[in-house]
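Position in the sequence shown (from 1) plus 800 gives the number in my numbering.
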Amino acid sequence: MSQYAFKFISGKYQGGEVEIPDEGELIIGRASDLDLVLVEDMVSRKHAKLIAVGGVLTIMDLGSTNGTFVNGEKIRRADLKKNDRILIGTSILKVIAAAEMTVKPESGGDKAAIKEMMEELANRAPQQTTMSGDLEEVPLPDLLQLFSTNKKSGVLVITGQHRGKIYIKTGQMQAAIIGGEVGLSPMKSICRMLGWEKGAFRLEPYDANAQLKETFQEATESILIEALRQQDEIKRMMGELPPVDAKLALCVPMVPKLGDLKGPELDTLQLVINFNRVKAVIDKTPGTDHEAITNLHKLLREGYIEVE
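Shown next as structure tokens:
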């Protein structure tokens, strides 16, 4: 048995697994006589070549029109290791250990067996070729980085335990909307969405007629860096806050002066008076969750509010 295999985790061939030979080459593309045939418009006739030498894997782009991407980076040639993700067309292939294959192994040299399996998967897929998969296999930050590098356009729809949409135009995030949540800013929404670890995703055509109340102004990479930074700090700070359903109240008597608070901190104090629960204050804050939690920390620490 070979050391590695490809697992298709997105696209029309999702669920397919192909064993990679330890020695030799495997040509990937749209032409019917290749080793691994991906029939879709975004795949060139001869798109990429996989070279295996003693179990060491290298992938080369063969001058394809739309490029070959490894872990979100466009490459000409790159060495591969376990768990690396390769984007070719709308398909994402993950490098896995051959021992982890869940379907009957298809030899890397048996073109007929591989072609039969791929055709069967394609026939079961929806007619419209789209990028789809599971967030457990392709985390949302990686997916958005990949779309940014590849300059893709579309509406990324997330379903499952959480529901939301991210509008993307030529790789730039336009807006993020969480289903059922009204009035959340794009940054507040994307910060929450990046914490979603489970769910299904699919990339639908971009809706030019969508009415987007607020849009992102920064580049996708800058948004992701800031959102992930906030997420890390939120995880740390939430452990130091009362439970989200805890009821808050003003300290009486209040020793510190209200005049020492900045505008956003006073706004958070007003939300405590109006809604009193930790979660409600965070949800009602117009800014990000990070801003709300930071302000709550200060108000509790300095004696403006307390747990009732």
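Note that CB positions come from ideal geometry on N, CA and C, so glycine has one too. Note that the structure is a prediction, hence the values are computed from the model and not measured.
Check your understanding: Of the choices Gly-1059, Gly-815, Val-1044 and Ile-1105, whose alpha-carbon is the least far from that of Val-1072?
Key -> Ile-1105
**Study point:** C-alpha gap between Lys-812 and Glu-1102, whole angstroms
**Key:** 56 Å
Check your understanding: Relative to the alpha-carbon of Ala-1080, which residue among Lys-1047, Phe-1016 and Ser-1022 has its alpha-carbon at the smallest distance?
Key -> Lys-1047
Check your understanding: Exposed or buried, what is Met-1054 when buried is set at 16 or more other beta-carbons lying within 10 Å of its beta-carbon?
Key -> exposed
Review point. DSSP puts Leu-1003 in a beta bridge; with which residues?
Key: Leu-956
Check your understanding: If we call anything under 9 Å between Cβ atoms a contact, is Phe-1016 one with Met-987?
Key -> yes
**Study point:** Best match in Pro-1043, Glu-1040 and His-847 for proximity to Thr-865 [C-alpha to C-alpha]
**Key:** His-847
Exercise for review: Would you kindly report the start and end of the unbroken alpha helix (DSSP H) that includes Leu-1071?
Suggested key: 1063-1075
Exercise for review: Measure the CB-CB distance between Asp-884 and Lys-894 and report whether it falls below 9 Å.
Suggested key: yes
Review point. With 16 as the cutoff for other CB atoms within 10 Å, does Ala-1019 come out buried or exposed?
Key: exposed
Point to revise | Residue environment, Lys-807, which counts as buried when at least 16 other CB atoms sit within 10 Å | key: buried
Exercise for review: Check the DSSP bridge columns for Gln-972 and list the partner residues they point to.
Suggested key: Lys-969
Practice item. Evaluate contact between the region 1028-1044 and the region 997-1006, counting only Cβ atoms and requiring at least three cross-stretch pairs below 8 Å. Key: no
Review point. What number of angstroms, rounded off, separates the C-alpha of Thr-1094 from the C-alpha of Gly-872?
Key: 33 Å
Check your understanding: Should Ile-1117 and Leu-862 be called a contact, given that it needs their Cβ atoms to be closer than 9 Å?
Key -> The question about residue 1117 has no answer, for the chain in this structure spans 801 to 1108.
Check your understanding: In terms of residues, what are the limits of the alpha helix (DSSP H) holding Arg-963?
Key -> Arg-963 -> no alpha helix (DSSP H), and no H or E assigned at all.
**Study point:** Proximal residues to Thr-949 (C-beta, below 8 Å), its chain only, five neighbours per side dropped
**Key:** Phe-869, Gly-872, Glu-873, Lys-874 and Gly-971
Point to revise | Member of Ile-1082, Gly-816, Pro-939 and Lys-969 whose CA lies at the smallest distance from the CA of Glu-1028 | key: The question names Glu, yet the displayed sequence has Leu at residue 1028. The candidate whose alpha carbon is nearest that of Leu-1028 is Pro-939.
Point to revise | Distance between Ser-989 and Gln-961 (C-alpha atoms, nearest Å) | key: 16 Å
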